[in-house]
Amino acid sequence: MATPTIENIGTMSDLGDDPRVYFAAERTMLAWLRTGITVMAFGFVVARFGLFLRLLYAQGGREVGHGLSPYLGAALVGLGVIATAGVAIQYQRYVGSLPPNDRPSSSSPRFVLGLSWALVLMGLVLALILLV
1 MATPTIENIG
11 TMSDLGDDPR
21 VYFAAERTML
31 AWLRTGITVM
41 AFGFVVARFG
51 LFLRLLYAQG
61 GREVGHGLSP
71 YLGAALVGLG
81 VIATAGVAIQ
91 YQRYVGSLPP
101 NDRPSSSSPR
111 FVLGLSWALV
121 LMGLVLALIL
131 LV
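What the sequence shown shows, in the working numbering, is residues 1 to 132, in sequence order.
(1) Specify the secondary structure class of residue 63 as computed by DSSP and reduced to three states.
(2) With a threshold of 9 Å between beta-carbons, can residue 38 be considered close to chain D, or not?
(3) Could you give the C-beta distance for residue 87 and residue 29, rounded to a whole number, given that I count them as a contact under 8 Å?
(4) Is the beta carbon of residue 114 closer than 9 Å to that of residue 77?
(5) Among 96, 58 and 46, whose alpha-carbon lies nearest the alpha-carbon of residue 126?
(6) Can you find the residues in the same chain that come closer than 8 Å, C-beta to C-beta, to residue 36, ignoring five residues on each side of it along the sequence?
(7) Under the assumption that residue 130 contacts residue 73 (Cβ atoms under 8 Å), give the Cβ distance between them as a whole number of angstroms.
(8) Starting from residue 79 and walking both ways along the alpha helix (DSSP H), at which residues does that stretch end?
Here it is as C-alpha cells:
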C-alpha cells in the first residue's frame, strides 16, 4: 500500500459524497432547538411561579404588586425565541451553501425550518401572553 503524499491525496471533493456534513448540521440545529425550547419553558415557569407567590401572599392578607417575574419570564421566553430564530437562519444559510453531493437525496431542510419558525411564532405569542 502506497503512503499518501500531497500529490496523491487530492481534494475533499474527490472523496465522494459525504452526507455526514448535512447530518452534523441537522444535529446541531436540533440541539439549538432543544435549547431554545428549554429557555422558553424556563421563562414560562419563572413567570407562573411569580403568580403562585402572589396568590400565597394574597391568601395571607398582604397587598402585593405584580413583581418582576412576568417581565423576567417574558425576557427568558424572548431569549429562547432569539436563539431559535438565529439558529434557523444560520442553518438555512449553511445548508444552502452545501454542495449537492453533501446532501442526502431524501433530505428536506424545510421540515426542520418549518418547525423552527413555528416555535418562534409560538414563543412570541407566549411572551405577549406573559406580559398581559
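Using N, Cα and C, we set each Cβ at its ideal position, and we do this for glycine too. Since we're looking at a predicted model, the values are computed, not measured.
Put simply:
(1) Mapped onto the sequence shown, residue 63 falls at position 63. It is coil, neither helix nor strand.
(2) The structure shown contains no chain D; it is built from a single protein chain.
(3) By one-based count along the sequence shown, residue 87 stands at place 87. By one-based count along the sequence shown, residue 29 stands at place 29. Yes, residue 87 and residue 29 are in contact; Cβ-Cβ is about 6 Å, under 8 Å.
(4) Reading the sequence shown from its first residue, position 77 is the one you call residue 77. Reading the sequence shown from its first residue, position 114 is the one you call residue 114. Contact flag unset, no.
(5) Taking the sequence shown and counting its residues from 1, the one referred to as residue 126 is at position 126. Ranking 96, 58 and 46 by Cα distance to residue 126 puts 46 first.
(6) Stepping through the sequence shown from its first residue, residue 36 is reached at position 36. Closer than 8 Å at Cβ, skipping near neighbours: 80, 81, 83, 84, 87, 119 and 123.
(7) In the sequence shown, residue 130 corresponds to position 130, counting from 1. In the sequence shown, residue 73 corresponds to position 73, counting from 1. With a Cβ gap of about 5 Å, residue 130 and residue 73 count as contacting.
(8) Along the sequence shown, one-based indexing puts residue 79 at 79. Per DSSP, residue 79 belongs to the alpha helix (DSSP H) from 69 to 97.
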